[in-house]
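Protein chains in written order, with this note's numbering: chain B, 8 to 92; chain H, 8 to 92.
Next up, the structure:
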């Protein structure tokens, strides 16, 4: 079906990469009443509105994958995932 | 049930607030083969691991809400949502 749709691209630091922002947030959470917090990873999220697009358009999906890999993330240190929401 | 759980806090610019980063990403997407992109909002996401916590602990939930409102987001210009994942 062709209609308005929304795609969410989430970019997170790879598990093997140190995330100082996440560590700082974890430490603060533990001090402000959430002592159960053992680890935090901080990433970014992009909510993309698409008009006249179809969720089962493989070509669009491939172009979104290319964009996510080539300029929305740094694949050396980050992983991304793409979801239709 | 008490166990390890993961909470995701997503912080997005409010709809009424200009998001220049989102606009720049939308313009680039339109140039690199995703002309259907009409709007992009750029936010941040925090994945929080909790040990010995329960998804139905109302007190923990309240403390996470407080943390999200008071220091994980800027409520003047941002909205947040908290999900157990």
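We put the beta carbon where it would ideally sit given N, CA and C, even for glycine.
Query                                                                                                                 : Result
Range of the contiguous alpha helix (DSSP H) that encloses residue 40 of chain H                                      : Unbroken run through residue 40 of chain H: none, as it is neither H nor E.
Residues that residue 25 of chain B contacts on chain H, provided the C-beta gap is smaller than 7 Å                  : Those do not exist, as residue 25 of chain B stays about 15 Å from chain H at its closest Cβ, beyond 7 Å.
Neighbourhood of residue 58 of chain H by C-beta, 8 Å cutoff - its chain only, sequence neighbours within 5 removed   : 11
Residues bridged to residue 20 of chain H (per DSSP)                                                                  : H:85
Exposure of residue 26 of chain B, with buried meaning 16 or more beta-carbon neighbours within 10 Å                  : buried
Limits of the alpha helix (DSSP H) - the one that residue 67 of chain B falls within                                  : 65 to 74
Helix, strand or coil at residue 25 of chain H according to DSSP, with G and I counted as helix                       : coil
Among B:20, B:91, B:17, B:30, the one whose alpha carbon lies nearest that of residue 61 of chain B                   : B:91
Residue closest to residue 29 of chain H, alpha-carbon to alpha-carbon, out of H:63, H:88, H:50, H:65                 : H:50
Residues sharing a beta bridge with residue 50 of chain B, DSSP                                                       : H:52
At least 3 beta-carbon pairs within less than 8 Å: the stretch 61 to 77 of chain B vs the stretch 11 to 22 of chain B : yes
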